[in-house]
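Notes for the one structure printed next.
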Amino acid sequence: MADPLYLKTPQGREIAYHLTEGEGPCVVFLGGLKSDMQGTKAVHLEDWAQETGRAFLRFDYSGHGQSSGTFEEGCIGDWHADTLAAIEALTKGPIVPVGSSMGGWQALLLARARPDRLAGLVTIAAAPDFTEDGWWAGFDAAQRALLEAEGRVELPSDYMEPYIVTKRMIEDGRNHLVMRDPLELACTVRMLQGTADTAVSVAIATQLVAHAASPDMQLLLVKDADHRFSDGRCLGLIERAVEEVCAL
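Numbering (this note's numbering), first residue to last: 48 to 295.
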């Protein structure tokens, strides 16, 4: 696999990326928390883009994969800034973000910040506002005290090594919530969600459908699919969702 190229952001961070030239709108993969652009879904979509002549971008947020920084230094706002920098420097014209888990939250932030750029939107187990409604809401008194005293707390994960949650992540997350105020998505939206997902529940997906406004929004629930959403069946569903949005 080819080495990545690097983009220096206005904040001085080095963002690793792979860009496939092709017809638009450019499909942009936004990965999940502590995931990277070498993941199954990102690489599968790149292969699809190359086979179909579609423009495609995948990149690592700062503190992820091959980009600069460490995960513990980052927060939702930093990764949103990374996303904006990548979009503005590496793509032109309409885009179709494909956001997985935390990347779904990033896709919604992108839609709010650059509504004129979106030709469509696809989410996979989108996890909007999870720092507040998942982490903070789930902390007990001891964890909240530890976060205040030491600035960090460790949380287990069903899908990877434990998360280090910092006080900055929690506080910054509150500045980027999308489920409190009206959320206008002026494009076609396709949402995919597994019923066996233990990280993001079906209830979160249905809450997002109820909360957001879109001229054409559909939620597909996939029985027994888990949070990874990366077996052959699920990859096919992602591909079809992206094709549908790009064709409209």
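Note that the Cβ used here is the ideal one computed from N, Cα and C, for glycine as well. The structure presented is a predicted model; accordingly, all values stated were derived computationally and were not measured.
Apart from the five residues just before and just after residue i, which ones in its own chain have a Cβ nearer than 7 Å to its Cβ?
i, result
"Ser204", "Tyr210"
"Gly124", "Asp219, Asn222, His223"
"Asp129", "Thr56, Arg60, Ile62, Tyr108, Ser109"
When we look at the beta-carbon of residue i and count the other beta-carbons within 10 Å, is it buried (16 or more) or exposed?
i, result
"Gln97", "exposed"
"Leu239", "buried"
"Gln153", "buried"
"Leu202", "exposed"
"Leu295", "exposed"
"Thr235", "buried"
"Arg280", "exposed"
Could you tell me the boundaries of the alpha helix (DSSP H) in which residue i lies?
i, result
"Met264", "Careful: Met264 lies outside any alpha helix (DSSP H), inside the beta strand (DSSP E) at 263-269."
"Ala49", "Per DSSP, Ala49 belongs to no alpha helix (DSSP H) and is neither H nor E."
"Ala44", "Residue coverage of the chain in this structure runs from 48 to 295, which leaves residue 44 outside it and unanswerable."
"Arg287", "279-294"
"Arg191", "188-197"
"Thr253", "249-258"
"Thr130", "123-137"
Between which two residues does the beta strand (DSSP E) harbouring residue i extend?
i, result
"His65", "61-67"
"Leu98", "Checking the sequence shown, residue 98 turns out to be Glu, not Leu. Element bounds for Glu98: not the beta strand (DSSP E) but the alpha helix (DSSP H), 87-99."
"Met238", "235-241"
"Gly167", "167-171"
"Glu70", "70-77"
"Tyr210", "210-213"
Write down the C-beta distance between residue i and residue j rounded to the nearest angstrom, noting that I regard them as a contact closer than 8 Å.
i, j, result
"Leu92", "Phe76", "6 Å"
Can you give me the Cβ contacts of residue i inside the same chain, cut-off strictly under 6 Å, excluding the 5 residues immediately before and after it?
i, result
"Gly140", "Gly71"
"Gly100", "Gly69, Glu70"
"Gly150", "Leu77, Gly78, Gly79"
"Leu193", "Val200"
Leaving out the 5 sequence neighbours to the left and right, which residues in its chain are closer than 8 Å to residue i when beta-carbon positions are compared?
i, result
"Glu119", "Gly110, Arg199, Ile211, Thr213"
"Glu195", "Lys214"
Examine the Cβ distances between the stretch 161-181 and the stretch 141-151 and report whether three or more of them are shorter than 8 Å.
Touching, yes.
For this session: Count the CB pairs spanning the stretch 262-271 and the stretch 234-253 that are closer than 8 Å, and state whether there are at least three.
Result: They touch, by the three-pair rule.
Subject >> the stretch 181-192 touching the stretch 274-289, judged by at least three CB pairs closer than 8 Å >> reply: No, the stretch 181-192 does not touch the stretch 274-289.
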